[in-house]
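K.L.:
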Amino acid sequence: MNPIRVIVHGAAGKVGQEVVKAVCGEDDALLVGAVDMKAAKDSLLLPDGSSSVPFSTDLGDILARCQPDVMVDFSIAKATMLAVRLAAGKGVNLVIGTTGFSPGEVKEIEGLTAEHNIGAVMAPNFALGAILMMHLAKIAAKYLDYAEIIELHHHLKADAPSGTAQMTARAMAEARSKPFLQPQGKAAPSRGESVEGVSVHSVRLPGLMAHQEVILGAPGQTLSIRHDTINRECYMPGVMLAIREVVKRKGLVYGLDTLLGLRE
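The numbering of the sequence shown is our numbering, which starts it at 3 and goes up by one.
#1: Find the nearest neighbour of Glu198 within the set Ile227, Thr224, Gln223, Ala167, judged by alpha-carbon distance.
#2: For my contact list, Val22 and Gly35 are in at a C-beta cut-off of 8 Å; report their separation, rounded to the angstrom.
#3: Closer than 6 Å by C-beta to Tyr237: which residues in its own chain qualify, once you throw out the five before and the five after it? Chain order, please.
#4: In whole angstroms, what separates the C-alpha of Leu46 from that of Leu88?
#5: If you draw a straight line from the C-alpha of Met124 to the C-alpha of Leu262, how long is it?
#6: Put Ala36 into one of helix, strand or coil per three-state DSSP.
#7: Report the partner residues of Leu154 according to the DSSP bridge assignment.
#8: Cβ of Ala220 within 8 Å of Cβ of Val200?
#9: Sort Gly165, Ser52, Ala143, Gly51 by Cα distance to Ser204 and report the nearest one.
#10: Report buried or exposed for Leu84, applying the criterion of at least 16 other Cβ atoms within 10 angstroms of its Cβ.
#11: Can we say the segment 139-149 touches the segment 174-189, given the rule of at least three CB pairs closer than 8 Å?
#12: Which same chain residues, not among the five before or five after Tyr256, have their C-beta less than 6 Å away from its C-beta?
#13: Would Pro70 and Val94 qualify as a contact pair, given that the criterion is a beta-carbon distance under 8 Å?
#14: Tell me, which residues are paired with Met135 by DSSP?
#15: Suppose you measure from the CA of Met135 to the CA of Gln214; what does that come to, to the nearest Å?
#16: Along the beta strand (DSSP E) that carries Arg7, what are the first and last residues, could you check?
#17: Drop a sphere of 10 angstroms on the beta-carbon of Ala189, count the other beta-carbons inside from all chains shown, and report buried for 16 or more, exposed for fewer.
#18: For the alpha helix (DSSP H) containing Val17, name the first residue and the last one.
#19: Just tell me which of Gly222, Gly91, Ile232, Gly209 has its CA closest to the CA of Ile120.
#20: For Ile111, I'd like the list of residues in its chain whose CB is within less than 7 Å of its CB, leaving aside the five on either flank, ordered along the chain.
#21: Where do the ends of the alpha helix (DSSP H) carrying Gln168 lie?
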């Protein structure tokens, strides 16, 4: 079986560099090209120094020259939408780790998969531990009536609340047959943004990477479910899972829980 041909959009970014390393470390995947707005050379040296692949600011050029099966995107939402439209038009499957999309943009991506008969995996978080954290929070939400989320990220993260926090709150609300109870008193901005009745508190500071704690409460007790990202390497098993699965599927898959068999 031929390896899956992969290009990375946003290859010079911190996560993009990890994706390059991860793809190059697998026998069933082959890095064939890379794109980044900061590309200063026309080739990107592979992590082991054995060879290089085409590298450019021009995605159209890389798509034409490299003929990929999958484009992995870790850039910014505005750049991603342009890249997705171009790659989808060439019949390239999509793995999208960028966050901050509007509901309309997600709908457009879903429409592009149908129009061009391709697969797309789109996830606000590729860390398998984070997916399990969300799954456990969804289970707990059925039994405890109060819930809040604290999410902490580095100071350069553009969106707040994070995509992971929003997805967690929506999954928790979906699991219940009734709304979460709210603390007594008037709502105030300091109480965090409400997502599906769950107050989400966003912290942005240098020194942080990506952390989330779901706290559920009931009379006389609390339950905390927390996930901490120690380094960006933690995303790579999820990214590789998505690369392997997206070539087998058509349409949009949102979230890794489906690929892991966690969605009911």
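Even glycine gets a Cβ: it sits at the ideal position worked out from N, Cα and C.
P.N.:
Per the coordinate set shown:
#1: Within the sequence shown, numbered from 1, the residue matching residue 198 stands at position 196. Here the closest residue by C-alpha is Ala167.
#2: For the purposes of this step, residue 22 is taken as the residue at position 20 of the sequence shown. For the purposes of this step, residue 35 is taken as the residue at position 33 of the sequence shown. Between Gly35 and Val22 the Cβ distance is about 11 Å, and since that is not below 8 Å, they are no contact.
#3: One-based indexing of the sequence shown puts residue 237 at position 235. The residues Phe128, Ala129, in chain order, have a CB closer than 6 Å to that of Tyr237 in the same chain once the five nearest residues on each side in sequence are set aside.
#4: Residue 46 sits at position 44 when you count from the first residue of the sequence shown. Residue 88 sits at position 86 when you count from the first residue of the sequence shown. Using only the alpha carbons, I get a separation of about 22 Å.
#5: Walking along the sequence shown from the start, residue 124 turns up at place 122. Walking along the sequence shown from the start, residue 262 turns up at place 260. Going from the Cα of Met124 to the Cα of Leu262 covers about 14 Å.
#6: Working through the sequence shown from its first residue, we reach residue 36 at position 34. If DSSP states are grouped into helix, strand and coil, Ala36 belongs with the strands.
#7: On the sequence shown, position 152 is the one that residue 154 refers to. As DSSP reads the structure, Leu154 sits in a beta bridge with Val205, His213.
#8: Residue numbering aside, residue 220 sits at position 218 when the sequence shown is read from its first letter. Residue numbering aside, residue 200 sits at position 198 when the sequence shown is read from its first letter. Ala220 is not a Cβ neighbour of Val200, given a cutoff of 8 Å.
#9: Within the sequence shown, residue 204 is the residue found at index 202, counting from 1. If you compare the alpha carbons of Gly165, Ser52, Ala143, Gly51 with that of Ser204, the shortest gap goes to Gly165.
#10: Position 82 of the sequence shown holds residue 84. Here Leu84 is exposed. Its C-beta has fewer than 16 other C-beta atoms within 10 Å.
#11: The count of Cβ pairs closer than 8 Å, one atom from the segment 139-149 and one from the segment 174-189, reaches three, so the stretches are in contact.
#12: Taking the sequence shown and counting its residues from 1, the one referred to as residue 256 is at position 254. Within the same chain, Cβ atoms closer than 6 Å to the Cβ of Tyr256 are found at Met124, the five residues on either side in sequence being excluded.
#13: For this step, residue 70 is matched to residue 68 along the sequence shown. For this step, residue 94 is matched to residue 92 along the sequence shown. Their beta carbons are under 8 Å apart, which means Pro70 touches Val94 by this criterion.
#14: The residue given as residue 135 occupies position 133 in the sequence shown. In the DSSP output, where bridge partners are listed per residue, Met135 has none listed.
#15: Along the sequence shown, one-based indexing puts residue 135 at 133. Along the sequence shown, one-based indexing puts residue 214 at 212. Using only the alpha carbons, I get a separation of about 9 Å.
#16: Position 5 of the sequence shown, counted from the first residue, corresponds to residue 7. The continuous beta strand (DSSP E) containing Arg7 extends over residues 6-11.
#17: Position 187 of the sequence shown holds residue 189. By the Cβ neighbour-count rule, Ala189 is exposed, with fewer than 16 other Cβ atoms within 10 Å of its own.
#18: Residue 17 sits at position 15 when you count from the first residue of the sequence shown. Residues 16-26.
#19: The residue you call residue 120 lines up with position 118 of the sequence shown. Closest by alpha carbon: Gly91.
#20: Translated into positions along the sequence shown, residue 111 becomes position 109. Same-chain partners within the cutoff: Val86, Ala122, Met124, Leu254.
#21: Within the sequence shown, residue 168 is the residue found at index 166, counting from 1. According to the DSSP assignment, Gln168 belongs to the alpha helix (DSSP H) that extends over 165-177.
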